[in-house]
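Participant:
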Amino acid sequence: MEFQAVFNEFWEAVLKSVKNRTFAKLTLAKTIGDTELKNIYVRPVLLENNEMKMSVIARYKTEEVESFHSLEETFFVLAPYMNNPFLTALLFTTEHDLTFKLNKKRVGSIVEQAPTFKNASDVILEMKEKGL
Numbered sequence: 001m002e003f004q005a006v007f008n009e010f011w012e013a014v015l016k017s018v019k020n021r022t023f024a025k026l027t028l029a030k031t032i033g034d035t036e037l038k039n040i041y042v043r044p045v046l047l048e049n050n051e052m053k054m055s056v057i058a059r060y061k062t063e064e065v066e067s068f069h070s071l072e073e074t075f076f077v078l079a080p081y082m083n084n085p086f087l088t089a090l091l092f093t094t095e096h097d098l099t100f101k102l103n104k105k106r107v108g109s110i111v112e113q114a115p116t117f118k119n120a121s122d123v124i125l126e127m128k129e130k131g132l
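What the sequence shown shows, in the numbering used here, is residues 1 to 132, in sequence order.
Here's what the structure looks like:
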């Protein structure tokens, strides 16, 4: 599909923001029609052994389901949801916000905007402090 190359580019920005400790959060939004699944939120979590995992919270109409994955696995968890049912992925960092969008023809684009968050995720800040 056409949009996958652009989504891969977007994901590279996600990886870079985690590596550079500027990542705040990631959200999949704007569904196609009225779907059970409303949003997916991604945030880093630090486990007791100081291992970072990504918390993936799928918000449905009636419940939320949380799962934990490595950063690499998170791409494979999220990618199938792009274009079915989500048309937008938003990356919030301390440097800028990036929005991956699919238009009606399912062509992907990335839009950069001023940052919404002044600080990185609490977990990213904690990892900085611990030198992880």
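Note that the Cβ used here is the ideal one computed from N, Cα and C, for glycine as well.
From a predicted model like this one, the values you see are computed outputs, not experimental measurements.
1) In terms of residue numbering, what span does the beta strand (DSSP E) encompassing F149 cover?
2) How would you label F86, buried or exposed, when you count the other beta carbons within 10 angstroms and need 16 or more for buried?
3) Restricting to Cα atoms, I'd like to know which of V65, R21 and Q4 is closest to L37.
4) State the CB to CB distance for the pair T99 and T88, rounded to an integer number of angstroms; the pair is presumed to be in contact (CB under 8 Å).
5) From S67 to N8, what distance separates their C-alpha atoms?
6) Between the stretch 18 to 25 and the stretch 40 to 56, are three or more C-beta pairs nearer than 8 Å?
7) Just how far apart, CA to CA, sit N49 and E129?
8) I believe T74 touches V56 by the beta-carbon criterion, under 8 Å. Please report the beta-carbon distance rounded to the nearest angstrom.
9) Verify whether the separation of the beta carbon atoms of M82 and F3 is less than 9 Å.
10) For G33, is the classification buried or exposed, using 16 other Cβ atoms within 10 angstroms of its Cβ as the cut-off for buried?
11) When you compare only the Cα positions, how much space is there between I40 and H69?
Facilitator: Inspection of the coordinates gives the following:
1) Given that the chain is displayed from residue 1 to residue 132, the structure contains no residue 149 and the question cannot be resolved.
2) buried
3) V65
4) 6 Å
5) 22 Å
6) yes
7) 15 Å
8) 6 Å
9) yes
10) exposed
11) 14 Å
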